[in-house]
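Visitor:
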Amino acid sequence: MTIARRKATHARHFSEPPQRIDADGSRHWITRAANFVAMVSETKPGAVLERTNNPDEYMAFVVSGAASATAGTEGRDVASETLLIMPPGESRIVMREDGMIVRIFSSKVQDILAASVNAATYADGAPEVAPIVPWPDPAGGFGIRVYRLADFASPDPSPLKMRVFRSTNLMINIFEPWQQRRDPTKLSPHWHDDFEQMSLGVKGTFRHHLRYPWGPDLTQWEEDEHVTYEASPSILVIPAGVIHTTQDIGEGVTWLVDIFGPPRVDFSSKPGFVLNAGDYPMQQG
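Under this note's numbering, residues 1127 to 1411 are what the sequence shown spells out, in order.
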């Protein structure tokens, strides 16, 4: 079992100040993992989210509101609950309404990485985490990919109802919203040896359970964590080696998203499990 090299990051966007506020009042919370960084934005109508010479693909999950995305000569209009995968280079997303959008970039995007609330946590470079090695280019070349979630039924037979998409460098699991609470007698504590998980609460209240395995040095042992995020949005970054599982609690609909970088081989090896596998060939070998 891997011994964790760092503590988890708890980012309660719902109660903490954003890392950036634009002139129009749009607010941006920035939280990183070893290999990627998420920017959760509550935007005003007309907000422009622009990237100049982005080094690789990035994901943009339009949670609410509507948006127009452009890259080069290509343009797409999208509604809420849509996942975009944007190509390298210059691109722009304009939010046409009040909304929430989550953009996920690889650690090559240094300007956003440096602005993250937990930048100091990764000052050592996180050597325990396997780096991103890009997977093959997408079928037909790079461009704007649009995945309207309503068009994709979960292939997951479990009550969790996972919906997994990948790019050349990232993977996202946008669960179907949960109407019923997770059975507390059927949780799934597990750990990852050499990669991290970022869990984004989009809607509702979550309780995260974390256990740090013991190594030989007692002075480095950590207490278990049982942490409640009373509202959303929120982000938990789970280091490699930390045993973890999550409950949704309280009333109403809850909605969770898990993010990984690079794409997970175990998920990708399941036939039909990655919903856009036809667009993104699997790494060989």
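We put the CB at the ideal spot given by N, CA and C, even for glycine.
Taking the alpha-carbon positions, what's the residue 1395 to residue 1404 distance?
Guide: Within the sequence shown, numbered from 1, the residue matching residue 1395 stands at position 269. Within the sequence shown, numbered from 1, the residue matching residue 1404 stands at position 278. Computed Cα separation, rounded: 13 Å.
Visitor: Can you pull the DSSP bridge partners for residue 1327?
Guide: Residue mapping note: residue 1327 aligns to position 201 of the sequence shown, counting from 1. 1360 and 1382.
Visitor: Between the C-alpha atoms of residue 1133 and residue 1370, what's the straight-line distance to the nearest angstrom?
Guide: If you number the sequence shown from 1, residue 1133 lands on position 7. If you number the sequence shown from 1, residue 1370 lands on position 244. Straight-line Cα distance between these residues: approximately 12 Å.
Visitor: Any chance the region 1194-1208 sits against the region 1158-1172, with 3 or more Cβ pairs inside 8 Å?
Guide: No, they do not touch.
Visitor: Compute the distance between the beta-carbons of residue 1362 and residue 1352, then report whether it is under 9 Å.
Guide: On the sequence shown, position 236 is the one that residue 1362 refers to. On the sequence shown, position 226 is the one that residue 1352 refers to. Their beta carbons are not under 9 Å apart, which means residue 1362 does not touch residue 1352 by this criterion.
Visitor: How about residue 1364 and residue 1409: are their beta carbons less than 9 Å apart?
Guide: Within the sequence shown, the letter at position 238 stands for residue 1364. Within the sequence shown, the letter at position 283 stands for residue 1409. Not closer than 9 Å, so no.
Visitor: Any idea if residue 1254 is buried or exposed, counting beta-carbon neighbours within 10 angstroms, 16 or more meaning buried?
Guide: Along the sequence shown, one-based indexing puts residue 1254 at 128. Answer is buried; the Cβ neighbour count reaches 16.
Visitor: Exposed or buried, residue 1372, counting other C-beta atoms within 10 Å across all chains shown (16 or more means buried)?
Guide: Counted from its first residue, the sequence shown places residue 1372 at position 246. It is buried - the Cβ of residue 1372 has at least 16 other Cβ atoms within 10 Å.
Visitor: Can the beta-carbon of residue 1139 be found closer than 9 Å to that of residue 1163?
Guide: Numbered from its first residue, the sequence shown carries residue 1139 at position 13. Numbered from its first residue, the sequence shown carries residue 1163 at position 37. Going by C-beta atoms, residue 1139 is not nearer than 9 Å to residue 1163.
Visitor: For residue 1349 and residue 1213, what's the separation of their Cα atoms in angstroms?
Guide: Reading the sequence shown from its first residue, position 223 is the one you call residue 1349. Reading the sequence shown from its first residue, position 87 is the one you call residue 1213. One C-alpha to the other measures close to 42 Å.
Visitor: Nearest CA to the CA of residue 1141: which residue from 1376, 1249, 1354 and 1222?
Guide: Sequence index remark: in the sequence shown, residue 1141 carries index 15 (1-based). Considering only alpha carbons, the answer is 1354.
Visitor: For the beta strand (DSSP E) containing residue 1190, list its first residue and its last residue.
Guide: Here residue 1190 is taken as the residue at index 64 of the sequence shown, counted from 1. Taken as a continuous stretch (DSSP letters only), the beta strand (DSSP E) holding residue 1190 covers 1184-1190.
Visitor: Residues in its own chain within less than 7 Å of residue 1357 by CB, not counting five upstream and five downstream?
Guide: Position 231 of the sequence shown, counted from the start, is the residue given in the question as residue 1357. Result list for residue 1357: 1140 and 1331, in chain order.
Visitor: Can you tell me whether residue 1359 is buried or exposed? The criterion is at least 16 other CB atoms within 10 Å of its CB, across all chains shown.
Guide: What you label residue 1359 is simply residue 233 of the sequence shown in a count that begins at 1. So residue 1359 ends up on the buried side.
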